[in-house]
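Protein chains: 2
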Amino acid sequence: MPRPANPEVRRRLLAAGLDLVHEHGFAASGVKDITDAAGVPKGSFYAYFPSKEAFAAAILQHYWSDIEERLLPLLDADGSADERIARFFHALADEHESADFLLGCLVGNMSLELGGSSEPVRAELTRILDRWGEAIAGCVRSGQVGTGGIAADLGASELASVLIEAWEGAALRGKVTRSRAPYDRFETVTLPALLR
Amino acid sequence: MPRPANPEVRRRLLAAGLDLVHEHGFAASGVKDITDAAGVPKGSFYAYFPSKEAFAAAILQHYWSDIEERLLPLLDADGSADERIARFFHALADEHESADFLLGCLVGNMSLELGGSSEPVRAELTRILDRWGEAIAGCVRSGQVGTGGIAADLGASELASVLIEAWEGAALRGKVTRSRAPYDRFETVTLPALLR
Chain A
2 MPRPANPEVR RRLLAAGLDL VHEHGFAASG VKDITDAAGV PKGSFYAYFP SKEAFAAAIL
62 QHYWSDIEER LLPLLDADGS ADERIARFFH ALADEHESAD FLLGCLVGNM SLELGGSSEP
122 VRAELTRILD RWGEAIAGCV RSGQVGTGGI AADLGASELA SVLIEAWEGA ALRGKVTRSR
182 APYDRFETVT LPALLR
Chain B
2 MPRPANPEVR RRLLAAGLDL VHEHGFAASG VKDITDAAGV PKGSFYAYFP SKEAFAAAIL
62 QHYWSDIEER LLPLLDADGS ADERIARFFH ALADEHESAD FLLGCLVGNM SLELGGSSEP
122 VRAELTRILD RWGEAIAGCV RSGQVGTGGI AADLGASELA SVLIEAWEGA ALRGKVTRSR
182 APYDRFETVT LPALLR
């Protein structure tokens with residue numbers, strides 16, 4: 002019989018695991034490191050997650066839900082579409098800066114570490130990147146009608162994808178430079194060029 | 002006394018380590034995996050590399066020298082500057098496609114896995130990204146004079162950096178989609194928007 006699930010233990014495993022994997026990467030974070038950080042016995046890990054890969058997918062989901070709740074609403078706030086998109090990416094960059102650019106974006110980190118090897122993680126990354134793309138594309142679309150200011154010769158979904166990809170590349174470089182310069186040039190060069 | 006260095010053993014360690022780390026990541030590739038793949042005794046690893054991090058920096062150097070020799074010359078070939086830049090990134094994408102988009106770019110992979118934690122690797126990544134940027138910037142600059150076709154209102158170095166960053170983001174997404182779509186939209190949407 003499966004052990005009774007304790008939502009508090011699951012929550013602690015996710016929170017501690019997210020911090021560890023975000024900082025050190027997936028392969029470098031052992032199950033024991035995660036259970037120690039969560040303050041639960043090592044054996045309890047597999048009562049909550051069928052595999053370490055399933056756990057990786059769960060922390061990605063946890064990470065993304067938080068961004069979706071707190072930051073995606075900026076895309077529906079006041080201002081023109083390009084201003085709202087800039088404000089959203091600026092807020093994301095603020096979060097990276099608050100960790101001294103040491104962590105980067107968990108979605109990007111996991112894409113490169115596990116995108117090529119883990120199907121459960123790849124499925125979760127696909128879902129997140131699609132949802133993220135839809136949110137940006139909705140905003141782009143609203144700027145492509147009337148006097149919204151965004152040229153309509155390119156599809157909104159395609160523009161949303163290149164924006165997200167260019168932003169992930171900026172975050173990647175920011176982890177090497179440990180500075181906001183790549184995020185800043187994404188905002189001042191890439192965004193205006195794509196949302197002309 | 003240090004053991005006599007055998008360049009062939011060093012070369013085999015670098016080649017085998019590059020393949021393993023490119024496919025599985027740095028933390029997931031153990032020293033024994035690397036020496037087994039190279040067909041040398043485990044103990045010989047530290048005769049050639051003072052640490053696993055120093056080894057990571059050496060395989061990055063090995064990876065980049067190869068790109069520099071084979072692909073960077075495309076930036077100095079015939080055609081307009083924007084055509085030469087497009088041809089260079091197209092050739093890089095061809096290499097990623099030949100590995101079914103499972104590996105991605107080692108520079109990007111290592112930036113996210115080790116950029117935040119390893120100083121020797123971060124120093125090597127900085128050197129590579131700077132050299133890469135200088136090569137692209139030289140090409141951009143040649144397209145910004147006379148009727149070269151690239152607008153001169155933005156600095157060549159800044160444009161080179163955003164191009165490399167957007168390309169790394171495309172490669173990141175390509176590892177998740179396992180398709181050429183992100184590379185293609187980098188070429189058809191991002192490149193022309195930035196090199197207008």
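Chains as they are written, first to last, in the working numbering: chain A, 2 to 197; chain B, 2 to 197. Backbone N, C-alpha and C define an ideal beta-carbon position, used for all residues, glycine too. Small disclaimer: the values here were computed from a predicted structure and weren't measured.
If you ignore the 5 residues before and after B:Cys-140, its C-beta comes within less than 6 Å of the C-beta of Leu-76, Ala-82, Arg-85 and Ile-86, all in its own chain and listed in chain order. Cβ neighbours of A:Leu-73 within its own chain (closer than 6 Å, five residues either side excluded): Ala-136.
Using a CB distance below 7 Å, the part of the region 86–115 of chain A facing chain B consists of Leu-103, Leu-104, Gly-105, Gly-109, Asn-110, Ser-112, Leu-113 and Glu-114, ordered along the chain.
The shortest CA-to-CA distance from B:Arg-11 to any of B:His-25, B:His-97 and B:Gly-40 is the one to B:Gly-40.
Not one beta carbon of chain B lies nearer than 8 Å to the beta carbon of A:Ala-58.
In this structure, B:Phe-187 lies away from B:Phe-46, with their beta-carbon atoms at least 8 Å apart. Between the region 115–125 of chain A and the region 46–65 of chain A there are three or more C-beta pairs closer than 8 Å, enough to call the two in contact.
Across the structure, A:Glu-70 and B:Ile-60 are spaced so that their CA atoms are roughly 41 Å apart.
The three-state reading of DSSP puts A:Val-141 in helix, counting H, G and I together. Across the structure, B:Gly-170 and A:Trp-168 are spaced so that their CA atoms are roughly 7 Å apart. In the DSSP assignment, B:Ala-194 falls within the alpha helix (DSSP H) that extends over 192–195. Here B:Val-32 carries a helix assignment [DSSP, helix/strand/coil]. For B:Phe-187, the C-beta contacts it makes with chain A under 9 Å involve Val-163, Glu-166 and Ala-167, in order along the chain.
In this structure, B:Ala-28 lies away from A:Gly-109, with their beta-carbon atoms at least 8 Å apart. The alpha helix (DSSP H) runs of length 4 or more contained entirely in the region 68–140 of chain B are, from start to end of the chain, 82–99 and 107–115. Counting only Cβ-Cβ distances below 9 Å, B:Ser-118 has contacts in chain A at Glu-24, His-25, Gly-26, Ala-29 and Leu-103, in chain order. Residues of the region 129–161 of chain B that bring their beta carbon within less than 8 Å of a beta carbon in chain A comprise Leu-130, Leu-155, Glu-159 and Leu-160, in sequence order. The beta carbon of B:Leu-192 does not come within 8 Å of any beta carbon belonging to chain A, so the residue lies off that interface.
Across the structure, A:Asp-154 and A:Leu-196 are spaced so that their CA atoms are roughly 11 Å apart.
For B:Ala-152, the three-state secondary structure derived from DSSP is coil.
Straight-line measurement puts the Cα of A:Thr-148 at about 43 Å from the Cα of B:Leu-104. For B:Leu-195, the chain A residues whose C-beta falls within less than 8 Å of its own C-beta are Val-190, Thr-191 and Ala-194, listed in chain order. Using a Cβ-Cβ cut-off of 8 Å, B:Arg-123 counts as an interface residue toward chain A, since at least one Cβ of chain A sits closer than that to its own. Your pair A:Tyr-64 and A:Leu-107 checks out as a contact, with CB atoms roughly 5 Å apart and the cut at 8 Å. Straight across, the Cα-Cα distance linking B:His-97 with A:Ala-17 is about 35 Å. For A:Ser-162, the closest of B:Ala-58, B:Ser-143, B:Val-177 and B:Asp-131 by C-alpha to C-alpha distance is B:Val-177.
For the pair A:Asp-34 and A:Leu-21, the CB atoms are nearer than the 8 Å cut-off. Taking a Cβ-Cβ cut-off of 7 Å, the neighbours of B:Ala-171 in chain A comprise Glu-166, given in sequence order.
Cβ neighbours of A:Trp-133 within its own chain (closer than 7 Å, five residues either side excluded): Ile-165. Rounded to whole angstroms, the separation of the alpha carbons of A:Gly-150 and A:Leu-160 is 14 Å.
Put simply, the CB of A:Val-32 is far from chain B, with every gap to its CB atoms at 8 Å or more.
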